[in-house]
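Every letter in the sequence shown is one number past the one before it in UniProt numbering, and letter 8, counting from 1, is 8.
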Amino acid sequence: MSVTVPVKPSATYVFKTFGEDAIPIELDVYVPSTVDAHDKPLPVLVWFHGGGLLQGYRGRVAPHFLHGVTKYNHVLVSPDYRLAPQARMPEIVSDVADALAFVRDALPAKLASDANVKIDTARIATCGSSAGGWLSLLAAYYIKADMSVPQIPLDER
C-alpha cells in the first residue's frame with residue numbers, strides 16, 4: 001500500500017505568546033490526507049522534539065511519524081517550546097502544559113473550521129525524541145486522563 005507522507009504541516013497555529021513583545025510559540029498540525037468530514041473524530045499524538053532542551057524545533061519530525069498520520073489515521077501535533085539557557089525549566093514545562101491545553105481546548109474548533117477535521121480530545125497521547133520524550137513524561141502531569149490504573153501489589157519473594 002502506498003501512502004503519501006505530508007512534507008509540510010497541514011496547519012500552523014500560535015498556541016502561546018510570551019514576553020513584552022508577545023513572542024509567539026507555534027505548533028504544527030499534520031492531518032491524514034484521506035480525512036472525510038463524516039469520519040469519526042481522530043485521536044491526537046503530540047510529539048515533542050529533542051535537542052537536550054538547548055536546540056531543535058517542531059519541524060524536525062521523523063519521517064515514520066509523518067507516515068503514521070495517514071497509515072494509522074490520527075492527527076500529529078508538533079509544538080515548539082522555549083529553549084535553555086534563555087528559558088528555565090519552569091518556563092519550558094509551562095510551554096508543554098500550554099501546548100496540551102491548546103490541543104485540548106482550542107484545536108478542535110480550529111481544525112473543524114480550517115481543515116474540516118474532527119479530533120477526539122479524549123484520545124490524546126504524547127511522545128517525544130530524547131529530551132522531548134522527557135517532556136512527554138512531564139506532560140502526563142498536565143493531562144487529566146479519564147482512566148484508572150489497577151494497583152498491583154508487589155510481594156517480596
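The beta carbon of each residue, even a glycine, is placed where N, CA and C say it ideally should be.
Selection from the options that minimises the alpha carbon distance to residue i
| i | options | result |
| --- | --- | --- |
| G51 | Y141, G68 and L135 | L135 |
| L83 | H49, G68 and A101 | H49 |
| L53 | V96, T121 and A140 | V96 |
| G68 | R104, L45, M89 and L138 | L45 |
| residue 162 | D21, D98, Y30 and P79 | The chain is shown from 1 up to 157; residue 162 falls before or after that span and cannot be answered. |
| S33 | A122, S78, P108 and T70 | T70 |
| Y141 | I23, V93 and F18 | V93 |
| I119 | L76, G19 and F65 | L76 |
| V117 | P24, V35 and E20 | V35 |
| Y72 | P63, P43, K16 and D28 | P43 |
| A139 | L100, A62, T121 and A109 | L100 |
| A122 | Q55, P85, P41 and G133 | P41 |
| L107 | P90, E91, D28 and P85 | D28 |
| S78 | Q55, P85, I25 and W47 | W47 |
Cβ-based burial, residue i [other Cβ within 10 Å; buried from 16]
| i | result |
| --- | --- |
| I124 | buried |
| D80 | buried |
| G128 | buried |
| H74 | buried |
| D39 | exposed |
| M1 | In this prediction, M1 has a pLDDT of 46, which is less than 50 and means its spatial position is unreliable; nothing more can be read from the coordinates. |
| D105 | exposed |
| P9 | buried |
| Y13 | buried |
| R88 | exposed |
| G19 | exposed |
Enclosing beta strand (DSSP E) for residue i [first to last residue]
| i | result |
| --- | --- |
| D120 | I119 to G128 |
| K16 | A11 to F18 |
| L76 | V75 to P79 |
Boundaries of the alpha helix (DSSP H) in which residue i is found, first to last residue
| i | result |
| --- | --- |
| D21 | It is not in any alpha helix (DSSP H) - D21 carries neither H nor E in the DSSP assignment. |
| P90 | M89 to D105 |
| L135 | A131 to A139 |
Chain C contact for residue i (CB, 8 Å cutoff)
| i | result |
| --- | --- |
| T17 | No chain C is part of this structure, which consists of one protein chain only. |
Next on the checklist: My parser needs the beta strand (DSSP E) runs of 3 or more residues fully inside the stretch 24-71; what are they?
Outcome noted: The beta strand (DSSP E) runs lying completely inside the stretch 24-71 and spanning 3 residues or more are 42-48, given in chain order.
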